[in-house]
Structures are given as C-alpha cells and as structure tokens.
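K.L.:
The listed protein sequences correspond, in order, to chains S and U. For the first sequence, this note's numbering begins at 10 and goes up steadily by one. For the second sequence, this note's numbering begins at 702 and goes up steadily by one. Pasting a structure below so you can have a look.
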Amino acid sequence: MIKEFENFKGFSAKKLPLAEPIASGHRACQGCGEVLALRLAMKAIGMNSIVVSATGCMEIITSTFPHTAWNVPWIHVAFENAAAVASGVEAALKVLMRKGKIPQKHIDVVAIGGDGATADIGLQALSGAMERGHDFVYICLDNEAYMNTGVQRSSSTPYGAMTTTSPPGKKSFGQATKKKNVPAIAVAHNIPYVATASPAYFLDLMNKAKKAALVKGPAYLHIYSSCPTGWRHGGDLAIEISKLAVETNVFPLYEVIEGNYIINRKITKPKPVAEYLKKQGRFRHLTDDIIAEIQRQVDEEYDKLLKLAGETA
Amino acid sequence: MAKRIGMEVSIAASEAVKLADVDLIAAYPITPQTHIVEHLAEVVADGELDAAFVPVESEHSAMSCCIGSSAAGARTFTASSSQGLALMHEMLFIAPAMRLPIVMVVANRALSGPISIWNDHSDIMAEQDIAWIQTFAENGQEVFDLVLHAFRVAEDSKVLLPMIVNMDGFTLSHVIEPIEILDKAEVDKYLPPYKPKVRLDPRKPVSMGLVGVPEIYTEAKKATNEALINSKKVVVKAWKEFGDLFGRYYNPVESYKTEGAEVILITMGSISETAMTAIDKMREKGLPVGLVRFRLWKPFPATEFKKAIAGAQTLAVVDRALSPGGACGPVAEEIKAALYAERGRPKVFNFIAGLGGRDVTVENFEEIVSRAFTYAKKRPKQLYEMIGVREI
Ligand SMILES: Cc1ncc(C[n+]2csc(CCOP(=O)(O)OP(=O)(O)O)c2C)c(N)n1
Ligand code: SF4
Ligand SMILES: [Mg+2]
C-alpha cells in the first residue's frame, strides 16, 4: 500500500471539488471527450499545480493569445517534450525550495499530452522523465489519432480505424497495426503508479488523478478521450461511447500500484465489440472479418490483463 | 582573493558556473563539451554546489528541461556541441521567445557528415537565426569571464534573453592555461542573485507559450528582436563593470595593429591568437596589416565593427564554416550586408579555413593576407575560397 493514499478517502458525487483549473469558454469542438477528461483530472488535482502541455488539441483550444483558459500556471513549449519540460519545472521547484528561494509547499507538476505526443514523438522524453524518477504526473489524453493536425494515425490508433493517413481503400482496411500499449511501457519503468481512466466513470477518473498527484515519484495516467470530430460520431455520444469502450473490454479500467495490477471494473459479460464499432464513422468501412479479428484481439488483450492481475474470467 | 591557477579551460568554465551558484544544470554528454558537465556533476555530488543536476536522455530534452527550469525561476545552465546543438535546434528558438535567461557554453565542433569531433564553427553558424546573445572566447581566461558575464547580462531585467558563450572545441576546451579564478565574494559583487519577475507559481498563475495568431506573431517576433538588439547596451555596460572590478576589460570588437593597415584580417575565436602572431610577423616585414576580431557575435555589433575597420581598403574575412551553395561564409555574409550601404566601403574577400579541426597556421594567415593584397588589385573570379585544401 502506498502511504500517501492512506488519508485519501476518494471523491463522492455530492462532494466534488469546486476548483476549476480550466475555465469554460475554451475552443474545443462541441462534445469533445478529451477536454472533459482533462477538466475532470485537473479538478481532482486542484489549483496548487503547474501544468506543462504538449502541442495538440488541448494546447490550441485553451491558449490562443491573448486569451487563456488556464487558472493555474501553464506552459507550452513544443509537441514532443512535455515530460522533459516538466522535469525541469519539477527539479527547479525542488532545488529552489531547498535553497529557500520559494516557500516550502508542495506543488503538483502535471504534464499533459495527446496520444501522438505520448506514444510517438514524445515517448523518449517521457521514458527519460519516468526513469529519472521526477515527482510528476503524466497524463496521456488518448483520442487515438493526431486530431489537431486533422486526424492522422498514431501508434495508438486502433486496428481497423480510418484516419487520413490510414485510409481504407481497395488494398487497405484502415489502420493495419495494433494499438501500442503505453501503460505497459510506463509499468516497465517501475514507477509507483499507473492507471487507465475514462470520463464515463468520472469519480474513478478523478480518484485516479488525485492518487497520481499524491504519490511520490512519477505517475502515469492514460485517459480514454473520445473525439466526435475525428471518430465521426455525434457530439452527444462522448459518454455513451466511452462507456461502451469499457463494457466491451476495448478500454479496460485498471491500476498498477507498485507493479501490482488491479482491474477496477471487471466486466464479466462483455458486450460484443461490434456494438462499440458501429457507432463511429471511423469503423464504418469494416467487414465482418475485420470485426471478428478485432473481437479476437480485444479478448486476447483482456486475457493478458486478467493474468497480470492474477484473476480469471 | 582571486587566484591564478593552471587549469583546463572546460574546468574553468564549470568553476564559473559553480561560482554563479546556478540552481539547475541539465546536460547530455558530447565531445568536446563533456568535461564541463562531468565537472559540474562532480561539484554537485560533492556538495560544493547546491544545484539540481538533471542527466537528461538527449540534448532536445536538455534544452526542454532548461526551459522548464528557467520558467520556474531557477538560474539555469547547460553546455553542448555540434550534433547536440543541432538536436536542440527547435528549442533554441523557443527559449528566447519565452524570454528565459538560460546560459549555455557551446564547445564548437564540426557538424556531421562526415562525423567529426574536431573544431570549427559549423555547429553554431547553423543556428544563425536563434535570438540568443552570443559571444566568442579567445582564451581560457575569457571563457571564465564570459560565463559570469553571460549570467549577468541574460538575467538583467532589461534583457531577459538566453546567452551562448562559444569556445573552440579542443583548441580551447581541452588546453591547460593559467587562469585567474575569482573568489565567491568577488563574483557576488558582480553577479546579483536572479530574481525573476514572472515565474510559474500557483500563487500568481500565468500562461506561457500561447498560440501566436497572425494578428500577433509579427509583433511577438519584433519584440524579441528588439530585445536582442537593445541587449548590446547591457552587454557593454556589464563588461565595463567587470573591468572596473577585476581589471580585465572587454569590447564587442577588438582591434590589433590596425593603425595605417591597408588589409585587415577578420577572425573570431581562438584562431585570433595565431592571427596576431601572423600580424606581428608581417608588420615586422613592413606590411600594412591589422586584425579585427569579434567577441560579440549576436547582436551583430555593426557600429563598433565599422569604426574598427575605418580606413582599411581591404578586408580578409576568415570563416570557420561553409555555407554550401551560398555566396560566402556566414561571417563574411554578415559583414558584407552591414557594409553594403556604406560610402567608400572596403573590398571584402572571404576565406574558409580550419574546417573539422584542420589547423590554421601563421603561414595560412600570411597566405590569406597576400591573396587579399593581390585581389585588391585584380578581382578574383570566385566568390570565396577555401584555404589549406589538399589537392590530389
Ligand atoms: C515536431 C513537430 N512535428 C509535428 C508537429 C505537428 N503537430 C502538432 S499537434 C500534432 C498532433 C497532435 O496529436 P496528439 O498528440 O494525439 O494530440 P491531439 O491533437 O490528438 O489531442 C502534430 C502532428 C509539431 N507541432 N511539431
Ligand atoms: S478535434 Fe477532437 S479532441 Fe480535438 S477539440 Fe475537437 S473533439 Fe476535441
Ligand atoms: Mg490524439
């Protein structure tokens, strides 16, 4: 058990924090699941924080000069280096406190990046920062493609999905590779806390964000973030689709605390993935064969997770 | 009391960083910069310097980490070279745009390919348009002094820009020279503690690095450029104060035996010392030659330069980097542009020398000057020429 978690009882729907590190009035698309996930995570972490943002949707929609949606200190430097910038902020705060140059009061350093910023171009910087053991939270907001530049594939785009650089065609069924498992990469760095979360399970998400902030050392949060614009679904479906992703085992919710896997929401009777896929335009082109293959992959991945958690189906 | 000690120049650079009491160092090893950061890691490990030493996984992350650190309000240092500097490229533009006074020593080394660990200026000249203040050191004492000067200038509230001290790899970084090392009390007299006006602080939230829409991008660029141009006043003032305190005076541009010179050699960095020997030799023979060298490279000290070369009919500009497919080397380009509108401007001939560690000898300088005298009478066909090339 992690000692910092002892006094944290968890949030309840009746007693949500009033803090709003991100103001409303930003420029996200209607029904954006990513900004919802970010808002919930930041609400849980609170105002005593510094946010480092990678380039991407969340950076663009919150920071068009002379406006800012950020009520906490915020810095954006580039696409691939949020974890490295956060390393600098965290190490600087520590040494400035030690030297008495700023008050001795813990500040949560939070780096945020999309799946492209995390799984692709920023993976090295993230690995370096986790390995060095900086006391920070890294949040990957996974909308499964490069949305800011117009829906290009990333290594986190799921098998079969259509993006502008994984288009279906006579010789293509869309993305032909399997989604990269970044939480497993984070676990391989032996960091104290790794978790997946979804805005459809908002209390679970907020509790995990808070735990990530509480834990000493690096914490990695991988948050499912639906994107109506890039996934081609209605602006009112973000929550429904996010929920289906969990209920079909496409996106299981789990924590890895000091290396120990815990499945937070065990789905005993998963819904068929087809139900999840059919609601989204990005999967509309899929044939039954490919859908069956996706189902097979989802089952296989879930079995692996069960084994890691020492559980049976 | 200051002490004069025989010391490797890289160690002297790190001693200056230590005396500046930096808060954070983030760096990645690359020859010939390594001795600087190794020594800093040591002084931090021994508790001689209370700082964070962040052993990042790349130079891109080194500069990113420095940006985060400086934005959090810490006095921040790094050092690099060649491929490492090139890997930082993207970040080098962002640090000045955010007005972060990071100090970096660049141990100048050739850029690949072919891969070469030896000295020239191609690494820094590939970064022509970063808005960093830049100086070039000629010897070990200068490296030590210029590092302290860099913190003083960069952090000045009228400046707030990052600053690079260039020193030639190996020919400076790895040699042992007698260097006067100031003591802490002396340094404290010169360099006040860094008090950032804006920093990442939850008590007073600010947003940094916002999107520059077309309505504001040009103005943002202009503001940074003006800050860079105006920094010259502080650069000069900080040198004057350094001289008044410690007796060593520095100028943006230095002249050597330029009185009555018809041909003036233009150099930068450690080859200037060899160039001076060559000038002495040629003057003894009665040749009217002199030397002008840049200590301040950016902002380009045009006024001081024009004054220094006034009266000369011919300039022989030595570049330590090639600008492939271009009209001339980067230093010559800057000089030609600065002089073009001048009435009675001198003729400018450009010589590329000392690439990838090729020695530039006294004889090379004599050859350059002799060609400049010839070309002054009869214009050469080529736009520039490379010196010391082995022909097969
Ligand atoms: C070095 C670099 N390469 C490419 C880009 C262009 N770019 C900006 S954001 C982005 C995609 C962002 O995708 P992701 O990280 O998934 O975030 P999202 O916008 O989907 O939230 C790309 C390719 C860039 N800014 N910098
Ligand atoms: S493109 Fe997608 S992720 Fe980006 S703001 Fe719009 S809905 Fe959100
Ligand atoms: Mg994305």
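No residue lacks a Cβ here, since even glycine has one placed at the ideal position from N, Cα and C.
1. So residue 914/U contacts chain S; which residues on that side make the cut at Cβ distance below 9 Å?
2. How is residue 766/U classed by DSSP in three states: helix, strand or coil?
3. What residues in its chain sit with their C-beta under 8 Å from that of residue 876/U, if we drop five residues either side in the sequence?
4. Name the residue from 291/S, 145/S, 299/S whose alpha carbon lies nearest to the alpha carbon of residue 173/S.
5. Could you compute how far the alpha carbon of residue 800/U sits from the alpha carbon of residue 788/U?
6. How would you list, in chain order, the residues of chain S whose beta-carbon sits under 8 Å from the beta-carbon of residue 863/U?
7. For residue 70/S, does the three-state DSSP call read helix, strand or coil?
8. With residue 709/U as the anchor, note down where its beta strand (DSSP E) starts and where it stops.
9. Considering only residues of the same chain and omitting the five flanking positions on each side of residue 823/U, which have a CB-CB separation below 6 Å?
10. Extract the residue ranges of the alpha helix (DSSP H) inside the segment 768-843 of chain U, only unbroken runs of 4 or more that lie entirely within it.
11. With a threshold of 7 Å between beta-carbons, can residue 172/S be considered close to chain A, or not?
12. For residue 903/U, go through chain S and note every residue whose CB falls closer than 8 Å to its CB, in chain order.
13. Measuring CB to CB, does residue 808/U end up less than 7 Å from residue 870/U?
14. From the DSSP output, read off the bridge partner residues of residue 181/S.
15. Would residue 77/S pass as an interface residue toward chain U - the criterion being a Cβ-Cβ separation below 7 Å?
16. With a CB to CB cut of under 8 Å and the five nearest residues on each side skipped, what residues in its chain are close to residue 1024/U?
17. Taking 8 Å as the cut-off, does the segment 80-98 of chain S touch the segment 149-156 of chain S (at least 3 CB pairs, one atom from each stretch)?
18. Is residue 38/S near ligand 1, going by C-beta to nearest heavy atom under 6 Å?
19. Quick test of your reading: residue 86/S and residue 785/U, contact by CB under 8 Å. State the CB separation rounded to the nearest angstrom.
20. Ligand 3 heavy atoms versus the CB of residue 123/S: any closer than 6 Å?
21. So, for residue 849/U: in the same chain, excluding its five sequence neighbours on each side, which residues have a beta-carbon less than 8 Å away from its beta-carbon?
22. Does residue 956/U come out as helix, strand or coil in the three-state DSSP assignment?
23. Whole angstroms are fine: how far does the CA of residue 737/U sit from the CA of residue 747/U?
24. Since residue 116/S and residue 165/S should fall inside the 8 Å C-beta cutoff, what is the C-beta to C-beta distance between them, to a whole number of angstroms?
25. Can you list the residues of chain S that residue 856/U reaches, using a CB-CB cut of under 9 Å?
26. Using the C-alpha atoms, what's the distance from residue 880/U back to residue 950/U?
27. Which term fits residue 946/U, buried or exposed, when burial requires 16 or more other beta carbons within 10 angstroms of its beta carbon?
28. Measuring alpha carbon to alpha carbon, tell me which residue in 285/S, 182/S, 264/S is nearest residue 7/S.
29. With distance defined between alpha-carbon atoms, name the residue in 1066/U, 734/U, 760/U nearest to residue 978/U.
30. State yes or no: is the beta carbon of residue 917/U nearer than 7 Å to at least one beta carbon in chain S?
31. When you compare the segment 64-78 of chain S with the segment 42-56 of chain S, are there three or more beta-carbon pairs, one atom per stretch, that lie closer than 8 Å?
32. For chain S, check one thing: does any of its Cβ atoms lie closer than 7 Å to the Cβ of residue 1099/U?
33. May I ask you to verify whether the segment 194-201 of chain S touches the segment 167-181 of chain S, counting CB pairs closer than 8 Å and requiring at least 3?
34. Counting pairs of beta carbons, one from the segment 75-82 of chain S and one from the segment 231-251 of chain S, are three or more of them closer than 8 Å?
35. Kindly indicate if chain U contains any beta-carbon less than 7 Å away from that of residue 219/S.
36. Alpha carbon to alpha carbon, what distance is there between residue 861/U and residue 775/U?
P.N.:
Judging by the given coordinates:
1. Numbered from its first residue, the second sequence carries residue 914/U at position 213. One finds 73, 74 in chain S with Cβ atoms closer than 9 Å to the Cβ of residue 914/U, taken in chain order.
2. Residue mapping note: residue 766/U aligns to position 65 of the second sequence, counting from 1. For residue 766/U, the secondary structure class from DSSP, reduced to helix, strand or coil, is helix.
3. In the second sequence, the residue the question calls residue 876/U occupies position 175. Only 709, 710, 841 meet the Cβ criterion.
4. Position 164 of the first sequence, counted from the first residue, corresponds to residue 173/S. Each of 291/S, 145/S, 299/S was checked against the Cα of residue 173/S, and the nearest Cα belongs to 291/S.
5. Counted from its first residue, the second sequence places residue 800/U at position 99. Counted from its first residue, the second sequence places residue 788/U at position 87. Roughly 21 Å between the two C-alpha positions.
6. As a working note, residue 863/U is residue 162 in the second sequence. Under a criterion of Cβ atoms nearer than 8 Å, no residue of chain S is adjacent to residue 863/U; the nearest Cβ is some 13 Å distant.
7. The residue labelled residue 70/S in the question sits at position 61 within the first sequence. In this structure, DSSP gives residue 70/S a helical state, which the three-state scheme calls helix.
8. Locating residue 709/U in the second sequence gives position 8, counting from the first residue. Element bounds for residue 709/U: 704-709.
9. For this step, residue 823/U is matched to residue 122 along the second sequence. Taking C-beta separations shorter than 6 Å and ignoring five residues to either side along the sequence, the partners of residue 823/U in its chain run 811, 812, 1022, following chain order.
10. Listed in chain order, the alpha helix (DSSP H) elements of length 4 or more contained wholly in the segment 768-843 of chain U are 783-798, 823-826.
11. Any reference to chain A falls outside this structure, whose protein chains are S and U.
12. Along the second sequence, read from residue 1 onward, the residue named residue 903/U stands at position 202. Against chain S, the beta carbon of residue 903/U has neighbours under 8 Å at 56, 57, 58, 59, 81, 82, 116, listed in chain order.
13. Here residue 808/U refers to the residue found at position 107 of the second sequence. Here residue 870/U refers to the residue found at position 169 of the second sequence. With a cutoff of 7 Å on beta-carbon distance, residue 808/U and residue 870/U are scored as near each other.
14. In the first sequence, the residue the question calls residue 181/S occupies position 172. The partner list for residue 181/S (beta bridge, DSSP) reads 178/S.
15. The residue given as residue 77/S occupies position 68 in the first sequence. Residue-level contact check: residue 77/S touches chain U, since one or more beta carbons of chain U fall below 7 Å from its beta carbon.
16. On the second sequence, position 323 is the one that residue 1024/U refers to. The residues 826, 1030, 1031, 1034, in chain order, have a CB closer than 8 Å to that of residue 1024/U in the same chain once the five nearest residues on each side in sequence are set aside.
17. No: the two stretches stay apart, fewer than three of their Cβ pairs being nearer than 8 Å.
18. Within the first sequence, residue 38/S is the residue found at index 29, counting from 1. Outside the cutoff, so no.
19. Numbered from 1 along the first sequence, position 77 holds the residue referred to as residue 86/S. Numbered from 1 along the second sequence, position 84 holds the residue referred to as residue 785/U. The pair is not a contact, with the Cβ atoms about 18 Å apart (cut-off 8 Å).
20. Counting from one through the first sequence, the residue named residue 123/S turns up at place 114. Result yes, Cβ under 6 Å from ligand 3.
21. For the purposes of this step, residue 849/U is taken as the residue at position 148 of the second sequence. Counting only residues of its own chain and dropping the five nearest sequence neighbours on each side, residue 849/U has a CB closer than 8 Å to the CB of 717, 720, 721, 883, 888, 891, 892, 943.
22. Mapped onto the second sequence, residue 956/U falls at position 255. Strand, per DSSP.
23. For the purposes of this step, residue 747/U is taken as the residue at position 46 of the second sequence. For the purposes of this step, residue 737/U is taken as the residue at position 36 of the second sequence. Cα-Cα distance, rounded: 16 Å.
24. As a working mapping, residue 116/S is identified with position 107 in the first sequence. As a working mapping, residue 165/S is identified with position 156 in the first sequence. Not confirmed; about 29 Å, so no contact.
25. Here residue 856/U corresponds to residue number 155 of the second sequence, with the count starting at 1. Result: empty, since nearest Cβ-Cβ is about 14 Å, beyond 9 Å.
26. Against the second sequence, residue 950/U aligns to sequence position 249. Against the second sequence, residue 880/U aligns to sequence position 179. In this structure, the CA atom of residue 950/U is about 15 Å from the CA atom of residue 880/U.
27. Locating residue 946/U in the second sequence gives position 245, counting from the first residue. With fewer than 16 Cβ atoms within 10 Å of its Cβ, residue 946/U is classed as exposed.
28. The requested residue 7/S does not occur in the structure, where chain S is confined to residues 10 to 322.
29. Numbered from 1 along the second sequence, position 277 holds the residue referred to as residue 978/U. With distances taken between Cα atoms, residue 978/U lies closest to 1066/U.
30. If you number the second sequence from 1, residue 917/U lands on position 216. Interface residue, yes.
31. Three or more Cβ pairs drawn from the segment 64-78 of chain S and the segment 42-56 of chain S lie within less than 8 Å of each other, which places the two stretches in contact.
32. Not covered by the structure: residue 1099/U. The range shown for chain U is 702 to 1093.
33. Two segments are said to touch when three or more pairs of C-beta atoms, one from each, lie closer than 8 Å; by this definition the segment 194-201 of chain S does not touch the segment 167-181 of chain S.
34. Touching, no, given that fewer than three Cβ pairs across the two stretches are closer than 8 Å.
35. One-based indexing of the first sequence puts residue 219/S at position 210. Chain U contact via Cβ: absent.
36. Mapped onto the second sequence, residue 775/U falls at position 74. Mapped onto the second sequence, residue 861/U falls at position 160. If you take the alpha carbons of residue 775/U and residue 861/U, they lie about 13 Å apart.
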